[in-house]
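Working notes, structure below.
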Amino acid sequence: MASILVVDDEVEVGEAIRRVLTQAGFSCAVVTNAEAGLRAIDENPPDIVVTDVIMPKIHGLELCKILRSRYPRVRVIAISGGGSFGAQAYKPDAISTHAYLAAAREAGAQEILTKPFDLSDLLAAVRRQLPN
Amino acid sequence: MERLINSLHGRLLGVVLVINAALAPLLYLGVAAIVQDGYAELFVNSVRSYSRLVADQLETVPEREFESRAKDVLDDFELSGQVVFAEITDGERKVHGTISPLVPPQQRGDDFHFGEHSDQVYYISHTLKSGDHQAVLRLGFDESPTFERIAAAKHHVLRAILAFAVASFLVALWLSAVIARPMERLQEAAKAIAGGEVRTALETQSSIREVVDLSRHLDHMRRELVGTSERLQNEIRERAVSEEKRLDLERRLQHRERIATIGTLAGGVAHEFNNIMTPILLYSQVALDEVPTDSAVAADLTRIVAAAHRARSLVTRILTFSREMDSQQSAVFALAPTVEEAVALVRAIMPANIEIVVDARADTVPVFGDPSLVHQIVLNLCTNAYQAMRGSGGRLGLRLAASADPARTGRAGDFALLEVSDTGHGMEPAVMAHIFEPFFTTREVGEGTGLGLSVVHGIVSTMGGSITVESTPGVGTTFCVFLPGAPEQSQQQPSAAQDVA
Numbered sequence: 001m002a003s004i005l006v007v008d009d010e011v012e013v014g015e016a017i018r019r020v021l022t023q024a025g026f027s028c029a030v031v032t033n034a035e036a037g038l039r040a041i042d043e044n045p046p047d048i049v050v051t052d053v054i055m056p057k058i059h060g061l062e063l064c065k066i067l068r069s070r071y072p073r074v075r076v077i078a079i080s081g082g083g084s085f086g087a088q089a090y091k092p093d094a095i096s097t098h099a100y101l102a103a104a105r106e107a108g109a110q111e112i113l114t115k116p117f118d119l120s121d122l123l124a125a126v127r128r129q130l131p132n
Numbered sequence: 133m134e135r136l137i138n139s140l141h142g143r144l145l146g147v148v149l150v151i152n153a154a155l156a157p158l159l160y161l162g163v164a165a166i167v168q169d170g171y172a173e174l175f176v177n178s179v180r181s182y183s184r185l186v187a188d189q190l191e192t193v194p195e196r197e198f199e200s201r202a203k204d205v206l207d208d209f210e211l212s213g214q215v216v217f218a219e220i221t222d223g224e225r226k227v228h229g230t231i232s233p234l235v236p237p238q239q240r241g242d243d244f245h246f247g248e249h250s251d252q253v254y255y256i257s258h259t260l261k262s263g264d265h266q267a268v269l270r271l272g273f274d275e276s277p278t279f280e281r282i283a284a285a286k287h288h289v290l291r292a293i294l295a296f297a298v299a300s301f302l303v304a305l306w307l308s309a310v311i312a313r314p315m316e317r318l319q320e321a322a323k324a325i326a327g328g329e330v331r332t333a334l335e336t337q338s339s340i341r342e343v344v345d346l347s348r349h350l351d352h353m354r355r356e357l358v359g360t361s362e363r364l365q366n367e368i369r370e371r372a373v374s375e376e377k378r379l380d381l382e383r384r385l386q387h388r389e390r391i392a393t394i395g396t397l398a399g400g401v402a403h404e405f406n407n408i409m410t411p412i413l414l415y416s417q418v419a420l421d422e423v424p425t426d427s428a429v430a431a432d433l434t435r436i437v438a439a440a441h442r443a444r445s446l447v448t449r450i451l452t453f454s455r456e457m458d459s460q461q462s463a464v465f466a467l468a469p470t471v472e473e474a475v476a477l478v479r480a481i482m483p484a485n486i487e488i489v490v491d492a493r494a495d496t497v498p499v500f501g502d503p504s505l506v507h508q509i510v511l512n513l514c515t516n517a518y519q520a521m522r523g524s525g526g527r528l529g530l531r532l533a534a535s536a537d538p539a540r541t542g543r544a545g546d547f548a549l550l551e552v553s554d555t556g557h558g559m560e561p562a563v564m565a566h567i568f569e570p571f572f573t574t575r576e577v578g579e580g581t582g583l584g585l586s587v588v589h590g591i592v593s594t595m596g597g598s599i600t601v602e603s604t605p606g607v608g609t610t611f612c613v614f615l616p617g618a619p620e621q622s623q624q625q626p627s628a629a630q631d632v633a
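As they're listed, the protein sequences go chains S and U. Quick note: the first sequence uses the numbering used here, first residue 1, plus one each step. Quick note: the second sequence uses the numbering used here, first residue 133, plus one each step.
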């Protein structure tokens with residue numbers, strides 16, 4: 001059974017993701033900051049880490065970079081709340097969401113999702129990143 | 133009246149009048165005296181000659197015929213009209229001319245001067261000698277014809293003097309008209325110019341050189357005046373235009389600031405809001421999987437999901453609204469004018485202690501993208517430079533240059549280099565390593581979003597370019613933005629957009 005670690009300082013968001021992933025049959029743990037996440041990963045590296053970008057102390061981008069260097073096999077899905085992005089090019093005001101999700105990609109995240117995402121989008125992203 | 137006295141007309145006519153009034157009587161009196169003296173002398177001379185003639189004739193009369201002949205002679209002379217009294221006294225005998233019965237005043241002797249007596253008769257006596265016989269001839273001449281002649285001559289003189297006076301008056305009138313009329317016309321023209329009617333050329337038809345010269349000088353002045361006033365008007369117009377431009381820039385800046393504020397606010401709200409919406413959407417969708425699809429709960433949950441989707445699109449719309457500014461399409465454009473536009477905005481917000489030096493003369497390749505994003509690059513880099521020089525002041529430099537050095541641009545090809553430098557506090561290498569990361573800021577909470585440079589980085593990446601930074605603490609910082617030339621970039625554009633999706 002694939003194991004997933006969720007890192008999000010918004011407790012309700014983390015819990016909701018766990019609920020979805022557990023329901024879908026994944027083994028899922030939730031932590032509310034990157035330090036706790038790193039400790040959990042050190043103990044038992046998961047298959048996938050779902051991480052928020054904006055968090056106190058160590059933010060999601062930092063976490064992505066650490067995971068890329070220390071655990072290159074761990075897949076990362078970066079999530080963040082914000083405005084629209086997609087086919088449109090960089091626009092000054094949508095830049096925040098866009099910029100840090102793009103930065104997350106550069107830092108090593110394989111998937112990026114904008115909050116609030118649909119259950120189906122989350123599951124699709126997770127399934128794409130699993131080996132089989 | 134005072135106007136008339138002070139006018140050229142009045143002066144000239146007045147002078148002529150005074151001269152005439154003073155001179156004409158003197159002239160008249162003088163000429164009249166000469167005329168009278170002349171006539172009187174003529175009269176006296178002729179009377180004397182005449183009486184001599186009479187005496188001579190009488191002296192030739194023989195003694196014995198004297199009585200009868202004398203009367204005839206006297207009558208003859210009386211008949212000639214000049215003599216109004218003739219008498220010969222010979223001892224006790226008196227012979228009278230018969231024609232004039234004039235009785236002379238007995239007391240009167242001979243006259244010496246013309247018009248000595250009011251009876252207008254001039255008496256003259258001659259002693260007649262014929263052998264030893266003596267008689268006295270006394271003749272009286274009428275003075276009145278000569279008086280009439282003198283009066284007539286005086287009359288002529290008077291008329292001539294009057295004619296002269298009138299003529300001189302007319303000449304004065306003509307002269308004053310010749311001088312004064314062009315002057316008046318000039319005066320009217322000057323008045324019109326003073327009243328603002330400066331377009332009409334000043335022309336005076338006059339044969340007087342001084343008036344023509346004056347007119348020419350005045351017209352020269354008028355032309356100068358017209359030129360000056362046109363220059364002034366142009367200046368005022370230009371000033372109004374530049375003021376309008378400044379106001380327009382200010383409006384655009386305010387608009388941008390407002391949009392930026394809305395964007396920041398909307399971004400912050402959206403972030404919170406989307407975090408809240410995430411569990412709502414996910415729990416509803418999980419719950420939907422666990423209830424029968426035709427149940428009332430499923431219907432309720434579907435409505436919640438639909439509402440959550442609406443909320444999500446609302447946030448998107450708010451962010452789209454805040455993005456409305458300058459939503460230009462991507463295009464090939466020259467950097468220099470775009471950079472200069474942005475610099476105009478920068479100038480409007482920079483304090484006086486920051487000197488802005490722009491060198492956008494270089495001939496750089498045109499680039500492909502949204503010009504408003506280049507504005508954004510310039511504004512963000514300049515804002516950063518300003519923050520680094522705040523308080524101390526300094527020099528903000530912008531420079532455009534061509535660059536085709538792969539060692540600097542990252543790959544081969546023609547690039548446009550936009551260099552933004554400041555003389556601010558500079559950065560430590562530890563800080564420099566993080567400046568392009570989102571949310572990285574060295575400023576106090578609330579002063580900066582920490583997104584400025586990451587925005588620049590994002591835009592530059594999207595346009596297929598690169599950005600480098602050099603900084604020395606205490607000396608300053610220089611950002612170099614390399615943007616690829618248009619043909620290359622327009623090919624790269626789709627892949628960059630995909631990368632974002």
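In this text, a Cβ means the ideal position worked out from N, Cα and C, and glycines have one as well. For clarity, every value in this text was computed on a predicted model and none was experimentally measured.
Quick check on residue 87(S): buried or exposed, where buried means 16 or more other Cβ atoms within 10 Å of its Cβ? For residue 87(S), the predicted model reports a pLDDT of 27, less than 50, meaning its position is unreliable; a value from the coordinates is still stated below. The residue in question, residue 87(S), is exposed, as its Cβ has fewer than 16 Cβ neighbours within 10 Å.
Residue 80(S) versus 74(S), 39(S), 50(S), residue with shortest Cα-Cα distance: 50(S)
With burial defined as no fewer than 16 other Cβ atoms inside 10 Å of the residue's Cβ, what is the status of residue 119(S): buried or exposed? buried
Please report how far the alpha carbon of residue 117(S) lies from the alpha carbon of residue 420(U), in whole angstroms. C-alpha separation (whole angstroms): 16 Å.
Just checking: is the beta-carbon of residue 32(S) within a distance shorter than 9 Å of some beta-carbon in chain U? no
Closest by C-alpha distance to residue 386(U), when choosing among 599(U), 478(U), 521(U), 195(U): 478(U)
Indicate whether residue 529(U) and residue 485(U) have their beta-carbon atoms separated by less than 9 Å. no
Could you give the distance in angstroms between the alpha-carbon of residue 210(U) and the alpha-carbon of residue 216(U)? 6 Å
Using three-state DSSP, classify residue 423(U) as helix, strand or coil. coil
Would a check of beta-carbon distances place residue 19(S) closer than 9 Å to chain U? Closer than 9 Å to some Cβ of chain U, the Cβ of residue 19(S) qualifies, so yes.
Taking a Cβ distance cut-off of 7 Å, strictly less, list which residues of the stretch 531-549 of chain U are near chain S, in chain order. Here the close residues number zero.
What span of residues does the alpha helix (DSSP H) with residue 122(U) cover, start to end? As displayed, chain U neither begins before 133 nor continues past 633, which places residue 122(U) out of reach and without an answer.
Residues near residue 24(S) by beta carbon distance below 7 Å, same chain, minus five either side: So the qualifying residues of the chain are 123.
Any C-beta of chain S sitting closer than 9 Å to the C-beta of residue 411(U)? yes
Using only CA atoms, which one of 57(S), 16(S), 48(S) lies nearest to residue 154(S)? With chain S covering only 1 through 132, there is no way to say anything about residue 154(S).
Residue 516(U): buried (16+ other C-beta within 10 angstroms of its C-beta) or exposed? buried
Per-residue burial, residue 6(S) [other beta carbons within 10 Å of its own, 16 or more giving buried]: buried
Mind checking residue 177(U): buried by the 16 CB within 10 Å criterion, or exposed? exposed
Just the chain U side, please: which residues come within less than 7 Å of residue 13(S) by C-beta, in chain order? The answer, in chain order, is 407, 410, 411.
Return the Cβ separation of residue 113(S) and residue 2(S) in integer angstroms, given the expectation that the two are a contact with Cβ distance under 8 Å. Contact flag wrong, Cβ pair sits at about 18 Å.
Here's a check: name, in chain order, each residue in its chain whose Cβ is nearer than 7 Å to the Cβ of residue 108(S), leaving out the five neighbours to either side. 64, 65, 67, 68, 76
Report yes if the C-beta distance between residue 219(U) and residue 270(U) is below 9 Å; otherwise report no. Less than 9 Å separates the beta-carbon of residue 219(U) from that of residue 270(U).
Would the beta-carbon of residue 553(U) fall within 9 Å of that of residue 611(U)? Yes. Within cutoff.
Does the beta carbon of residue 129(S) sit closer than 9 Å to a beta carbon anywhere in chain U? no
When the Cα atoms are used, what is the spatial distance from residue 567(U) to residue 585(U)? 7 Å
Report yes or no: do three or more beta-carbon pairs, one from the stretch 505-513 of chain U and one from the stretch 540-548 of chain U, lie closer than 8 Å? no
Looking at the secondary structure, which residues open and close the beta strand (DSSP E) in which residue 527(U) lies? 526-535
8 Å CB neighbourhood of residue 115(S) in its chain, flanking five on each side removed: 13, 79, 80, 81, 82
Which residues, in order along the stretch 351-370 of chain U, keep a beta-carbon less than 9 Å from a beta-carbon of chain S? none
Name the chain U residues that come within less than 7 Å of residue 10(S), Cβ to Cβ? 407
Report the neighbours of residue 115(S) on chain U: residues whose CB is nearer than 8 Å to its CB, in chain order. 406, 407, 409, 410
Would the beta-carbon of residue 471(U) fall within 9 Å of that of residue 616(U)? no
Exposed or buried, which one is residue 223(U) when buried takes at least 16 other CB atoms within 10 Å? Classification of residue 223(U): exposed, given that the 10 Å Cβ count is below 16.
Can you tell me which of 179(U), 339(U), 532(U) puts its alpha carbon nearest to the alpha carbon of residue 491(U)? 532(U)
Name the residue from 488(U), 481(U), 494(U) whose alpha carbon lies nearest to the alpha carbon of residue 469(U). 494(U)
What number of angstroms, rounded off, separates the C-alpha of residue 228(U) from the C-alpha of residue 280(U)? 28 Å
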